[in-house]
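Input: a single structure, listed below in structure tokens.
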Amino acid sequence: MKHEHWEAVIGLEIHVQLNTRSKLFSSAPNRFGDEPNVNITEVCTGQPGALPVLNEEAIRKAVQFGLAVGSKIAKYSTFDRKSYFYPDSPRNFQITQFENPIIVGGEIIAEVDGVARTFPLSHAHLEDDAGMLKHFSHFAGVDYNRAGVPLIEIVSKPCMHTPREASSYARAVKAIFQYLDASDCNMEEGSLRFDANISVRPKGEKELRNKIEIKNMNSFAFLELAIESEVNRQIELYTMQPHASPGKVIESGTYRWDPEKKRTVLMRKKEKAEDYRYFPEPDLVPILITEAYIEKIKEKLPELPHHRFNRYVKEFGLSEYSASLLTLEKALADYFEECLHSCPHPRALCNWITVEFTGRLKESGHTLLSFGIPPAHIALLVEMIEKGTITGRIAKSVADDMVKMPGKDPAKIVKENPDYQPMGDAHSIEPLVEQVLKENPESIADFKAGRTKAFAFLVGQVMKLTRGKADPTLVNALLHKKLDANS
Amino acid sequence: MTNLDQDTLENLKKLCRIECTPAEQQDLLHSIKRILDYIEQLNEVDTEGVLPCNHVLQMMLKNITRPDEVKECLSREVFLANAPDQIGGMIRVPSILKESP
Amino acid sequence: MKKIFHFTALQLRDHFLKGDLSAEEIVHHYIKRIHAYDPKLGAFLKVFSEKPLEKARELDKRRAAKKPLGRLAGIPIGIKDNIHLKGEITTCASKFLKNYTAPFSSTAVRLLEEEDALFLGKMNLDEFAMGSSNETSAYFPAHNPWDLECSPGGSSGGSASAVAARLLPIALGTDTGGSIRQPAAFCGIVGFKPTYGRVSRYGLIAYGSSLDQIGPLATTTADCALMMEVMGRHCNRDSTSLDLPPESFLDNLATSFKGIKIGIPWQFLETLNPVASKNFSQSVEILKSLGAEIVSCNLDILKYSIAVYYILATAEASTNLARFDGIRYGVRSKKAKTLEEIYDFSREDGFGTEVKKRIMLGTYVLSSGYKDDYYKKAQKVRTLMIEAFENVFETCDLVAMPTCPFPAFKLNSIQDPLEMYLQDIFTIPANLAGLPAISIPSGFDGPKPLSLQIIGPQLHDVNVIRYAHAFEKAAGYSQRIPQAFDEES
């Protein structure tokens, strides 16, 4: 960031949809993408006379998350009504946790540009999601399929200072939910959304200045761009009005990120803070959580992202960078471990997964997870290299072919292409070695004179003749034999 | 004495989204003020150290939850049968700005 | 010969089971009475005839075939129109919901239906149950059968009026601040409010969520007992429903108060008018004569009941009624062009003044800057009231008070909202403390009934009804019929 005298202060509120079967207070299905208004009950459409009943699985997933981030699990937590009028709200109040949230404190450990950083949480709580408004030219349609879906809202302390910190934090949160299998974390479908609270202040100033809120971002790229853009905007405004009172320069408001205009757009000013009139939800009883319940969940807690990261570094000897690349997406780490089953060469596998194939797939916009190359194929490729069935060089070409024909077995690819059959028998290589020696008497002389480079040159020439298929070790051995014999 | 004036009433109307005729507004202003004045007497009660009553029955201090199962849904047909305006299976409302509180 | 409408619900059922009366006969009888008398009373918002007749015929067939029959077989029942009966319109006596078809039945109604009750109609009420006189109904007021110029009480005015005039033996009401007991008192019948959570609120259109209960209005305590045995059950669609097994009421009806200590908060009753005061003293003598030990108790804190109630009930109501916005259901204003206008105009047109008043009051007491002074304060005083009752019930088994400070008043005679609210002073405490309470007829002031109220500790519903039964037998005011309605139609 160009502004060395200013510091950005960023807090993130992340809304994560839990992947329960049914909704938070209604037994309608928790599903995305169906026809409008087919996943509804009287509860989540706010019919008069309907009453909420809490889904026990939502509590369990919330507690899992709390344990994963080392927070305090509230033994007594309650729900509150948050009032506001909007058509996507079936009751014109949301049921949320304002006074006594279920998760208090905790921290997120995230890799920011290769360094592990700790970001403290304020709290996390359960609440129900709103329905969806679909905007058309002259009207809007309301679909309540999403209304009532369980959300965990995770509120960080205002502890981030750069867009990269924010996106790393967000990625780490996403990874935790993937590892817990508590959410499908599908950002395109809206099951993971970010609101950012952003203010700036001169470096060294202790108090926080007015912040604005950017709502409902659903991509890491947008998150970074929006924060960057907003921080610059605020700094510019302060710089342009050095004598104005800070409270007047930046006024609280809610913005959204416009990806086309590439800037934040004001949605509404907060002249008066929205009065949500929170009060305890009389239709629900408190959530009472015992030590025994917490212990039970702790015992069954699946491996968390940073534990897996540590395991990859310690047990497999992967570099921290590689380990973090693999573990940030649970599905990728799972893919990697699936490969490991039939190919116990973690460093090589890691390289092929995170470097070789990733590079080849970059243009297509796909990842290994979506491309249709099963783990067994990558494992086989690496096995073939390790066993010496093919050389490293050939393997690269095979990989190119695998990308061209996703799903084709690499063993088959190798079998079908004579250029990929390494020459592993001395019998077929020997004549070529003799030919090279015959054609390069100067190199022989150089070698005998003690220039080792000449040997490498001769090896290279043999490899050229065999179009890279010869086993380099064998070529080496044969050349040495012939050269020694001739001396 | 309660501080309830026209402005406060206007704000209240906005918060709870209710309109009324001028005559009704006068009646409401007068009545609500009267009731609020009456309610002032609660200040006489010493509630130092008293916990607010969030649940009237002690018995209610236990978890009430349901298992995570999908049950019978409200059919869309029945849902829309009561709808004032609908289109394509959705409730129809006038065009709004793309924002939500 | 006793006329059909003289029978209690239990008697009707017995006659039906024995074969003396057919269910169809019973239904015809009451429907005829309804058509003859209800125009004077305005007790019904909707009368059913086809469906109950169909069901009645089916019941007759089952009886003839000696097939099993429900506990309410042959009994016609009315449902206050803020309680859902699936497939029928629930208006809450509001214009807002005049076209709203209930998408599901309330648990209470479902339980009655399973026991073969015959539903004859939806009963009139104060709009959204907000009122004590049935005058705020958006359709028409209900009238008191003892004096047609008088209010039958509210908000369950229609239910009380119909039962008192014998257009039904039983009706469902709801009670948030006295809305079953006060109309029962005004109409000289029995009305019972259960312990909070004893009857499911699922399918009851919420007014004050932490105060509402569904309960029976009938001509005898035994009929109320029967209803409680059917309705007093745990419901897993209501998180505030008590997880307790159903109780036996009918087997426990008492005829004496021997061994029972009754607390009377004399100081709290100081403001009673002379007629009500005299009648109450007479009731106390009856209790004594039945063996009750009468003690004084201190419930002075209850003088703040109305203030606490009008903060908490309206706060809850302001959010409960927010869903009525013209978006998903209800009447949407035709002149509204924008979203804001849909909200503002639909609610302007759809709600009556009393409802608007309470919503605004409730919004005010929750709003930022006022919440601590009003809402939180009221919550704390509520705790004090619960504790006060707990203290009293450590030494007393029951508490007795009048139900109302005065008998039925003339319609349109009370214009001051505060005056209207103040008459709930004796009924509101039981809602604030979640206690079971019953109103039983105890005398007359001219043509107008007077009543005694018995309140029990939380969960002591059986005791309240069983001892009310003893008083009822001894006092002898139960089952009186207003003369104008004591004729075959």
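Protein chains in written order, with our numbering: chain X, 167 to 653; chain L, 508 to 608; chain G, 552 to 1040. Note that CB positions come from ideal geometry on N, CA and C, so glycine has one too. These numbers come from a predicted model, not from an experiment.
- prompt: DSSP state of K340 (chain X), grouped into three classes?
  reply: If you number the first sequence from 1, residue 340 (chain X) lands on position 174. Here K340 (chain X) sits in helix by DSSP.
message: On the CB-based measure, 16 or more other CB atoms within 10 Å of its CB, does V714 (chain G) come out buried or exposed?
response: Locating residue 714 (chain G) in the third sequence gives position 163, where the first residue counts as 1. Buried.
- prompt: What three-state label does DSSP hand D575 (chain L) in the structure shown?
  reply: Walking along the second sequence from the start, residue 575 (chain L) turns up at place 68. If DSSP states are grouped into helix, strand and coil, D575 (chain L) belongs with coil.
- prompt: Applying a beta-carbon distance threshold of less than 9 Å, which residues of chain G neighbour V315 (chain X)?
  reply: Position 149 of the first sequence, counted from the start, is the residue given in the question as residue 315 (chain X). Residues of chain G passing the Cβ test: none, with the nearest at roughly 18 Å.
- request: Quick one: list the residues of chain X neighbouring I594 (chain L), beta-carbon separation under 9 Å, in chain order.
  value: As a working mapping, residue 594 (chain L) is identified with position 87 in the second sequence. F302, F305 and G307, listed in chain order.
message: Please report the straight-line C-alpha distance between I965 (chain G) and S684 (chain G), rounded to a whole angstrom.
response: In the third sequence, counting from the first residue as 1, residue 965 (chain G) sits at position 414. In the third sequence, counting from the first residue as 1, residue 684 (chain G) sits at position 133. The alpha-carbon of I965 (chain G) is positioned some 9 Å away from that of S684 (chain G).
message: I'd like to check one pair, F445 (chain X) with L983 (chain G): are the Cβ atoms closer than 8 Å?
response: Counted from its first residue, the third sequence places residue 983 (chain G) at position 432. Counted from its first residue, the first sequence places residue 445 (chain X) at position 279. No.
field: Closest residue to I598 (chain L) among G:S792, G:G877 and G:D895 (Cα-Cα distance)
entry: The residue given as residue 598 (chain L) occupies position 91 in the second sequence. Nearest option by C-alpha distance: G:G877.
message: Using a Cβ-Cβ cutoff of 8 Å, what residues of the stretch 949 to 983 of chain G are near chain L? List them in chain order.
response: Under the 8 Å Cβ criterion, the stretch 949 to 983 of chain G contributes D967, P968, L969, Y972 and L983.
message: Quick check on the burial criterion: 16 or more other C-beta atoms within 10 angstroms. Buried or exposed for N589 (chain L)?
response: As a working mapping, residue 589 (chain L) is identified with position 82 in the second sequence. Residue burial annotation: N589 (chain L) is buried, with at least 16 other C-beta atoms found within 10 angstroms of its C-beta.
- request: Out of X:F343, X:R513 and X:G370, point me to the one whose CA is closest to V175 (chain X)'s CA.
  value: Locating residue 175 (chain X) in the first sequence gives position 9, where the first residue counts as 1. Checking every option, the nearest Cα to that of V175 (chain X) belongs to X:G370.
field: Contacting positions in the stretch 915 to 937 of chain G - beta carbon closer than 8 Å to chain C
entry: Of the protein chains in this structure, namely X, L and G, none is chain C.
task: Indicate the three-state DSSP secondary structure (helix, strand or coil) for L299 (chain X) in the structure shown.
output: Looking up residue 299 (chain X) in the first sequence gives position 133. DSSP places L299 (chain X) in strand when its eight states are reduced to three.
- request: Scan the stretch 563 to 586 of chain L for residues whose Cβ lies nearer than 7 Å to a Cβ of chain X and list them as they occur along the chain.
  value: Of all residues in the stretch 563 to 586 of chain L, only M567, L568, K569, N570, I571, T572, R573, P574, D575, E576, V577, K578, C580, L581, R583 and F586 place a beta-carbon less than 7 Å from a beta-carbon of chain X.
task: Could you please tell me which residues of the stretch 862 to 881 of chain G, in chain order, have their CB closer than 7 Å to any CB of chain X?
output: Listed in chain order, the positions of the stretch 862 to 881 of chain G with a beta carbon within less than 7 Å of a beta carbon of chain X are A866, E867, T870, A873, R874, D876, I878 and R879.
- prompt: Hey, how far is the Cα of G626 (chain X) from the Cα of P425 (chain X)?
  reply: Mapped onto the first sequence, residue 626 (chain X) falls at position 460. Mapped onto the first sequence, residue 425 (chain X) falls at position 259. When rounded, the distance between both Cα atoms is 52 Å.
query: Which residues mark the beginning and the end of the beta strand (DSSP E) in which R1017 (chain G) is found?
result: Against the third sequence, residue 1017 (chain G) aligns to sequence position 466. Secondary structure note for R1017 (chain G): it is in no beta strand (DSSP E), and the uninterrupted alpha helix (DSSP H) holding it is D1012 to A1026.
field: Cβ neighbours of M550 (chain X) in the same chain (closer than 6 Å, five flanking residues each side left out)
entry: Within the first sequence, numbered from 1, the residue matching residue 550 (chain X) stands at position 384. For M550 (chain X), where only same-chain residues beyond five positions count, the Cβ hits under 6 Å are I556.
message: In the DSSP assignment, the beta strand (DSSP E) including G913 (chain G) goes from what residue to what residue?
response: The sequence position of residue 913 (chain G) within the third sequence is 362, counting from 1. Per DSSP, G913 (chain G) lies in no beta strand (DSSP E) segment; the continuous alpha helix (DSSP H) that holds it begins and ends at T904 to L917.
Enclosing beta strand (DSSP E) for L358 (chain X) [first to last residue]: As a working mapping, residue 358 (chain X) is identified with position 192 in the first sequence. First-last of the beta strand (DSSP E) with L358 (chain X): L358 to P368.
message: DSSP three-state label for K617 (chain G), please.
response: In the third sequence, residue 617 (chain G) corresponds to position 66, counting from 1. K617 (chain G) falls in the coil class under three-state DSSP.
query: How about G232 (chain X) and A276 (chain X): do their beta carbons lie closer than 8 Å?
result: As a working note, residue 232 (chain X) is residue 66 in the first sequence. As a working note, residue 276 (chain X) is residue 110 in the first sequence. No; because the gap between Cβ atoms is not below 8 Å, this pair is not in contact.
- request: For F556 (chain G), count neighbouring Cβ atoms within 10 angstroms of its own Cβ and tell me buried if that reaches 16, exposed if not.
  value: To locate residue 556 (chain G), count along the third sequence from 1; it is residue 5. The residue in question, F556 (chain G), is buried, as its Cβ has 16 or more Cβ neighbours within 10 Å.
Partners in chain L for M911 (chain G), counting only beta-carbon separations shorter than 8 Å: Here the question's residue 911 (chain G) lines up with position 360 in the third sequence. Here the neighbours are L516, L519, K520, C523, I525, L535 and I539.
query: According to a CB-to-CB cut-off of less than 8 Å, which residues of the stretch 783 to 801 of chain G neighbour chain X?
result: Of all residues in the stretch 783 to 801 of chain G, those with a C-beta nearer than 8 Å to a C-beta of chain X are N787, R788, D789, S790 and T791, reading in chain order.
message: Using the three-state DSSP reduction, which class does M167 (chain X) fall into: helix, strand or coil?
response: On the first sequence, residue 167 (chain X) is found 1 positions in, with the first residue counted as 1. Confidence at M167 (chain X) is low in this model, with a pLDDT of 44, below 50, so its placement is unreliable and the value that follows should be read with caution. The three-state secondary structure of M167 (chain X), taken from DSSP, is coil.
- request: Report back the beta-carbon spacing between L581 (chain L) and T284 (chain X) to the nearest angstrom; my notes put them in contact at under 8 Å.
  value: Within the second sequence, numbered from 1, the residue matching residue 581 (chain L) stands at position 74. Within the first sequence, numbered from 1, the residue matching residue 284 (chain X) stands at position 118. About 46 Å separates the two Cβ atoms, so there is no contact after all.
field: Local Cβ density within 10 Å of N583 (chain X), reported as buried at 16 or more and exposed below that
entry: Within the first sequence, numbered from 1, the residue matching residue 583 (chain X) stands at position 417. Looking at its Cβ environment, which holds fewer than 16 other Cβ atoms inside 10 Å, N583 (chain X) is exposed.
Neighbour list for P529 (chain L) in chain G, Cβ cutoff strictly below 7 Å: Taking the first residue of the second sequence as position 1, residue 529 (chain L) is located at position 22. Simply none; closest approach about 12 Å.
- request: Could you spell out where the alpha helix (DSSP H) holding M971 (chain G) opens and where it closes?
  value: Mapped onto the third sequence, residue 971 (chain G) falls at position 420. Element bounds for M971 (chain G): P968 to L973.
Which listed residue (X:V641, X:Y586 and X:P214) has its alpha carbon closest to that of E600 (chain X): For the purposes of this step, residue 600 (chain X) is identified with residue 434 of the first sequence, where counting begins at 1. Checked all of X:V641, X:Y586 and X:P214; the closest Cα to E600 (chain X) is X:V641.
message: Buried or exposed, going by whether 16 or more other CB atoms sit within 10 Å of the CB of G573 (chain X)?
response: Locating residue 573 (chain X) in the first sequence gives position 407, where the first residue counts as 1. Classification of G573 (chain X): exposed, given that the 10 Å Cβ count is below 16.
query: Among X:H169, X:C509, X:E417 and X:A313, which residue has its Cα nearest to the Cα of P256 (chain X)?
result: Residue mapping note: residue 256 (chain X) aligns to position 90 of the first sequence, counting from 1. Comparing Cα-Cα distances from P256 (chain X) to each of X:H169, X:C509, X:E417 and X:A313, the minimum goes to X:A313.
query: Given that R187 (chain X) touches chain L, what residues does it touch there, using C-beta distances under 7 Å?
result: As a first step, residue 187 (chain X) must be located in the first sequence, where it is residue number 21. Within chain L, the residues whose beta carbon sits less than 7 Å from that of R187 (chain X) are D575, E576 and V577, listed in sequence order.
- prompt: Can you find a C-beta in chain G that's less than 8 Å from the C-beta of Q513 (chain L)?
  reply: Within the second sequence, numbered from 1, the residue matching residue 513 (chain L) stands at position 6. Cβ-Cβ to chain G under 8 Å: no for Q513 (chain L).
query: Any C-beta of chain L sitting closer than 8 Å to the C-beta of F251 (chain X)?
result: Sequence index remark: in the first sequence, residue 251 (chain X) carries index 85 (1-based). At least one chain L Cβ lies under 8 Å of F251 (chain X).
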